[in-house]
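Using my numbering, you'd call the opening residue of the sequence shown number 801 and step up by one each time.
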Amino acid sequence: MRLSVIGCGYLGAVHAASMAELGHEVVGVDVDAAKIAALSAGRAPFFEPELDGILARAIESGRLTFSTDVAAVRGASVHFIAVGTPQRRGENAADVSYVDAAIESLIPHLSAGDLVVGKSTVPVGTAQRLATRLDDAGTGALLAWNPEFLREGFAVEDTIHPDRLVYGLPDDAADAATAKARLDEVYAAALAADTPLVVGDHATAELVKVAANAFLATKISFINAMADIAEVTGADVTTLADAIGFDQRIGRRFLNAGIGFGGGCLPKDIRAFSARAEELGRGESLRFLLEVDAINMRRRERMVEMVVEALGGNVYKKKVAVLGLAFKPDSDDVRDSPALDVAVRLNGLGAHVIATDPAAIPNSLRLQPQLGFATDTNDALHGADVVVLVTEWKEYRELDPVAAGALVREKVIIDGRNILDPTSWRDAGWNYRGMGRR
Ligand code: UDX
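Okay, structure coming up:
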């Protein structure tokens, strides 16, 4: 099939390359010329395992092209909208202006019978509004909503082998059948592999996405709240998570306590969802999400307090080695990263922060140039008064406590992700502290 993807960020670039990998002919469009130049040269403009490989293959095959000119979508019959919906400045609500702009730019190039497919995370009700706009403009195009659940770091895998597909279809039965048939063709490979398909209306599809992220965020804040209680009672939150996780209704995944969640999705999505509920007159139904957010933000404060305590009450001019800057491993994304935030807060207290990360230093340097950076973990550890582990990269998980102990000035480590084995670190002479761990 011939497809277009409007917006080539984390979501769109991966979607475009993955659809080409599956055999479709795809054009990716973005207003950012630098991004389009990098993608056209087969370079992902961000760190995402596997993306460079499939980009290069798809470009070489001639099935994938990129353009800054939206007219390049002509000839495609399915158009994906994958632009960002960031948090509005000074508000909790989502800014959907990029989605609106994408639709407006697309309208002059649509042909009757085309299908426009929204993938961006939007406030419920947006799809219906956009469908009306397509009708009013006389495009003869249909609109479907098809949320994306990809995780950064696994984005290609999640796109090619999704754990479910969700279609939000038009209300009219004939239009719904046409849109579904077209989407089935796009996702033929996943459907042939028995990927579960959930079909509903526009509003349900929009809600599925924010409900999933709200649930995940709640799960993380729940375990972090348990970590707070564990800390004052001498209990161990990791053991607690293991024990409740055996209950299949609860499940162990997303029950890792630590400095909390960040990234380009969970924080802004729960805020936008609660703001939308307020607009819909049901604010009280989602008010708990503001508490989920507050619990999450307090984790960063708690981490800083623990560092201050470990240094005897004063971090001023103390050397703090910060391991990790990305909001999660296998990513260079520092949007709303708790790791970067902790580094900035410590720096603000006068600590001499030396932060390191396998992928996220360039992005961190751009946003927070006042921090000290070291590309090599050993350089960051060298002479440190305290080590702060804030992103669970494999190489930090596998750090050797004896070798690390030979580099630092004081063997004090605070494990903000609860990933190290306390016994082996203590046996190597370290003062180890996790979050809500004995
Ligand atoms: C998330 C959703 O998982 C994905 O389905 C959606 O499409 C986009 O948002 P992503 O932002 O890539 O994906 O990150 P995710 O893996 O969900 O992690 C989010 C944050 O939660 C990270 O900062 C991570 O470190 C943190 N986290 C995760 C925890 O603190 N504890 C956990 O147990 C799991």
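By construction, the Cβ of each residue, glycine as well, lies at the ideal position given by its N, Cα and C atoms.
What residue range is occupied by the uninterrupted alpha helix (DSSP H) comprising residue i?
i: Ser1164; result: Ile1161 to Leu1167
i: Val1134; result: Careful: Val1134 lies outside any alpha helix (DSSP H) and carries neither H nor E.
i: Ile1219; result: Ile1219 -> no alpha helix (DSSP H), and no H or E assigned at all.
i: Leu991; result: Ala988 to Ala992
i: Leu915; result: Segment Leu915 to Gly918 is the beta strand (DSSP E) holding Leu915; no alpha helix (DSSP H) there.
i: Ala1203; result: Pro1201 to Gly1205
i: Ile960; result: Ala955 to Ile960
i: Glu1198; result: It is not in any alpha helix (DSSP H) - Glu1198 carries neither H nor E in the DSSP assignment.
i: Thr932; result: Thr926 to Asp936
Mapping DSSP to helix, strand and coil, what is residue i?
i: Asn1178; result: helix
i: Ile881; result: strand
i: Gln887; result: strand
i: Asn892; result: coil
i: Gly1247; result: What the structure shows of the chain is the stretch from 801 to 1238, and residue 1247 is not part of that stretch, so it cannot be assessed.
i: Trp1230; result: coil
i: Phe1046; result: coil
i: Tyr967; result: strand
i: Leu910; result: coil
i: Gly1172; result: strand
i: Val1144; result: helix
i: Val1212; result: strand
i: Lys1019; result: helix
i: Val899; result: helix
Out of the options, which has the shortest C-alpha to C-alpha gap to residue i?
i: Arg1217; options: Phe1127, Val1202, Val1208 and Pro1201; result: Phe1127
i: Gln779; options: Trp945, Arg1233 and Gly823; result: Look at the range of the chain in this structure, 801 to 1238, and you will see that residue 779 is not part of it.
i: Glu1238; options: Arg1100, Arg863 and Thr1039; result: Glu is not the amino acid found at residue 1238; the sequence shown has Arg there. Of the listed residues, the one whose Cα sits closest to Arg1238 is Thr1039.
i: Val1186; options: Val1122, Ala1203 and Thr1177; result: Val1122
i: Ser1137; options: Leu1149, Arg1099 and Ile1023; result: Arg1099
i: Met1131; options: Val956, Ala876 and Leu1199; result: The identity of residue 1131 in the sequence shown is Ser, whereas the question assumes Met. For Ser1131, the nearest C-alpha among the options comes from Val956.
i: Leu943; options: Phe949, Leu930, Glu952 and Ala988; result: Leu930
i: Asp963; options: Gly1205, Thr939 and Leu991; result: Leu991
i: Lys1117; options: Asn1147, Ile1029 and Val1208; result: Asn1147
i: Ile881; options: Pro849, Pro947 and Glu1109; result: Pro947
i: Tyr898; options: Tyr967, Gly884, Asp1200 and Arg889; result: Gly884
i: Asp1001; options: Ala1025, Phe847, Ala979 and Leu969; result: Leu969
i: Thr921; options: Val1142, Gly812 and Ala1180; result: Gly812
i: Gly1236; options: Cys808, Val1032 and Ser1021; result: Val1032
i: Gly938; options: Leu906, Trp1230 and Arg1233; result: Leu906
i: Lys1068; options: Gly1234, Tyr1232 and Val896; result: Val896
i: Ala781; options: Gly1051, Leu1165, Val1208 and Val1190; result: One cannot answer for residue 781 here, as it falls past the ends of the chain, which runs 801 to 1238.
i: Phe1173; options: Asp971, Leu855, Ile1154 and Gly1234; result: Ile1154
i: Gly823; options: Ala894, Asp914 and Ile960; result: Ile960
i: Lys980; options: Asp958, Gly1034, Asn1024 and Gly913; result: Gly913
i: Val1212; options: Val1120, Gly853 and Asp1036; result: Val1120
i: Ala872; options: Leu839, Asp830 and Asp1176; result: Asp830
i: Ser818; options: Ala844, Ala833 and Ala837; result: Ala844
i: Asp852; options: Val814, Cys808 and Ala893; result: Val814
i: Ser1164; options: Val1190, Arg1135 and Leu1149; result: Arg1135
i: Ala856; options: Glu821, Asp869 and Pro886; result: Glu821
i: Asn892; options: Val827, Pro923 and Ala1012; result: Pro923
Taking residue i as part of the beta strand (DSSP E), name the residues at either end of that continuous run.
i: Arg802; result: Arg802 to Ile806
i: Ile1154; result: His1152 to Thr1156
i: Gly1000; result: Leu997 to Asp1001
i: Leu943; result: Leu942 to Trp945
i: Leu1189; result: Val1186 to Leu1189
Does residue i have its Cβ less than 8 angstroms from a Cβ in chain D?
i: Ala1025; result: Absent here is chain D; the protein component of the structure consists of one chain.
- In chain order, which beta strand (DSSP E) runs of at least 3 residues are fully inside the stretch 1061-1126? 1119-1123
- Every unbroken alpha helix (DSSP H) inside the stretch 810-883 [4 residues or more]: 810-821, 833-840 and 851-861
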